[in-house]
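J.: Starting off with a structure, shown below.
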Amino acid sequence: VKFRKQQDLHNILAWQPPEVVRLYNANGICGHDSEGSPVWYHIIRGLDLRGLLLSVSRQELLRAEFQSCELLLQECEQQSQEVRKVEKIIAVFDFEGLSQRHLWKPGVEFAQEFLTALEANYPEMLKNRIVVRASKLFPVAFNLIKPYITEEMRRKVVIPGDNWKQELPKFISPDQLPVEFGGTMADPNGNPKCLTKINYGGKVPRSYYLRNQVRVQYEHQVTVGRGSSLQVENEILFPGCRAGEMMEVLPSQRHNTHLVPEGGSLTCLQAGVCKIYWVHWSHFPPHAKKPDGESDVLCPRKGPLKGELRDVGG
Numbered sequence: 001v002k003f004r005k006q007q008d009l010h011n012i013l014a015w016q017p018p019e020v021v022r023l024y025n026a027n028g029i030c031g032h033d034s035e036g037s038p039v040w041y042h043i044i045r046g047l048d049l050r051g052l053l054l055s056v057s058r059q060e061l062l063r064a065e066f067q068s069c070e071l072l073l074q075e076c077e078q079q080s081q082e083v084r085k086v087e088k089i090i091a092v093f094d095f096e097g098l099s100q101r102h103l104w105k106p107g108v109e110f111a112q113e114f115l116t117a118l119e120a121n122y123p124e125m126l127k128n129r130i131v132v133r134a135s136k137l138f139p140v141a142f143n144l145i146k147p148y149i150t151e152e153m154r155r156k157v158v159i160p161g162d163n164w165k166q167e168l169p170k171f172i173s174p175d176q177l178p179v180e181f182g183g184t185m186a187d188p189n190g191n192p193k194c195l196t197k198i199n200y201g202g203k204v205p206r207s208y209y210l211r212n213q214v215r216v217q218y219e220h221q222v223t224v225g226r227g228s229s230l231q232v233e234n235e236i237l238f239p240g241c242r243a244g245e246m247m248e249v250l251p252s253q254r255h256n257t258h259l260v261p262e263g264g265s266l267t268c269l270q271a272g273v274c275k276i277y278w279v280h281w282s283h284f285p286p287h288a289k290k291p292d293g294e295s296d297v298l299c300p301r302k303g304p305l306k307g308e309l310r311d312v313g314g
């Protein structure tokens, strides 16, 4: 419940992801397995995670993944009403084209963070994770994320081998499986990849990179030394406020703000002082950083106050 409130998942289906995410995030929901479970495809060759993370904030990209999870749950509910009770999904990962560029450290950290959130908040959603066209580099990639998935989740990983096109129809009926993956499903125009349902991604144009855009100028600038922290306080006042002990309302998060600006908001459900900590954890370069940022308290006409922090890097 806390996670759903923090991510505003009740309204996420109405949220519109940034254009670059809609065009280049290489995944899609297409077809159902023999039991009616929706199938979620991930196309590794077309995934330019570096380009995406240089074009949008990490939180926006995470939010796009959570939106897909909610769409899958919605599809399960619809299948339950029309066919039979469906509570789980199948994920198909096409690892063709996996290379060193996919092992970029901030990208790996993003994958680790998403998997951690997936395990904690959607633990029963996944029926099988099917890996096709696994290259020699796949064991390296898998070892990087292995600590972030449970033993039960690891047992759900299926790697068919070279005959994967003959094996996939055992999980997914041919008429629900794109021709590209060994089935008979195609787009209305005959395209075997089902491009109307699966986004095959591609290299993100540099024109989307946020560092190429005009830098926002904020009122305050403060130097934060390595290993030091900065505390920003916002007073949250509304009827019924009371004194209380300090409590964590949002877990600590790491942001690569030297690559892309970060932003976010938090709905404050209680009165008090909201303290925001900026910590400089980098090991190099050894000098201090000067992050530009802004935090506002927004008071809507109805509902709780909202504290907003936008961090544009340093």
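Just so we're aligned: 248 in UniProt numbering is position 248 of the sequence shown, and the numbers increase by one with no gaps anywhere.
No residue lacks a Cβ here, since even glycine has one placed at the ideal position from N, Cα and C.
Note that the coordinates shown come from a computational prediction; the quantities given were computed from them, not determined experimentally.
Determine the DSSP secondary structure at ARG63, reduced to helix, strand or coil.
T.: In this structure, ARG63 counts as helix in the three-state DSSP scheme.
J.: What would DSSP say about CYS194, mapped onto helix, strand or coil?
T.: In this structure, CYS194 counts as coil in the three-state DSSP scheme.
J.: What does the alpha-carbon distance come out to for the pair VAL56 and GLU19?
T.: Each residue's Cα considered, the two are about 10 Å apart.
J.: Among LYS127, GLN6, VAL108, ARG84, whose alpha-carbon lies nearest the alpha-carbon of ARG63?
T.: Selected option, being the one with the closest Cα: GLN6.
J.: Mind checking who ILE149 pairs with in its DSSP beta bridge?
T.: DSSP, once it has assigned bridges, lists no residue as partnering ILE149.
J.: Run through the DSSP bridge pairs and tell me what PHE181 is partnered with.
T.: In DSSP, PHE181 forms no bridge with anything.
J.: Considering only DSSP beta bridges, list what HIS102 is partnered with.
T.: DSSP lists no partner for HIS102.
J.: If you draw a straight line from the C-alpha of PRO17 to the C-alpha of GLU60, how long is it?
T.: Taking the straight line from one Cα to the other gives about 7 Å.
J.: What residue does the beta strand (DSSP E) around TYR41 start on, and which one ends it?
T.: Its beta strand (DSSP E) spans residues 38-43.
J.: Give me the Cβ distance between GLU109 and LEU9, rounded to the nearest whole Å; I'm assuming they're in contact under 8 Å.
T.: Actually they are not in contact, since the Cβ atoms of GLU109 and LEU9 sit about 23 Å apart, beyond 8 Å.
J.: Around the C-beta of GLU152, are 16 or more other C-beta atoms found within 10 angstroms, so that it is buried, or is it exposed?
T.: Label assigned to GLU152: exposed.
J.: Suppose the cutoff is 6 Å on Cβ atoms and the five residues either side in sequence are ignored; what does the same chain contact list for ARG129 look like?
T.: Correct list, in chain order: ALA91, LYS156, VAL157.
J.: Pull up the distance between the alpha-carbon of GLY182 and that of GLU75, whole angstroms please.
T.: Their backbone Cα atoms lie some 23 Å apart in a straight line.
J.: Just to confirm, does LEU168 get its C-beta within under 7 Å of one of the non-hydrogen atoms of the ligand COA?
T.: By its list of ligands, the structure shown contains no ligand whatsoever, and the ligand COA lies outside what it can speak to.
J.: Alpha carbon to alpha carbon, how far is PRO139 from GLU119?
T.: Approximately 21 Å between the Cα atoms of the pair.
J.: Helix, strand or coil, according to DSSP, for LYS2 in the structure here?
T.: Helix.
J.: Given this structure, state the Cα-to-Cα distance separating ALA134 from ASN163, to the nearest angstrom.
T.: Cα-Cα distance, rounded: 12 Å.
J.: Excluding five sequence neighbours on each side, which residues of the same chain lie with their C-beta closer than 7 Å to the C-beta of TYR209?
T.: The residues are LEU54, SER55.
J.: Which of helix, strand or coil does DSSP assign to LYS127?
T.: DSSP places LYS127 in strand when its eight states are reduced to three.
J.: Taking buried to mean at least 16 other C-beta atoms within 10 Å of its own C-beta, is GLY190 buried or exposed?
T.: GLY190 comes out exposed.
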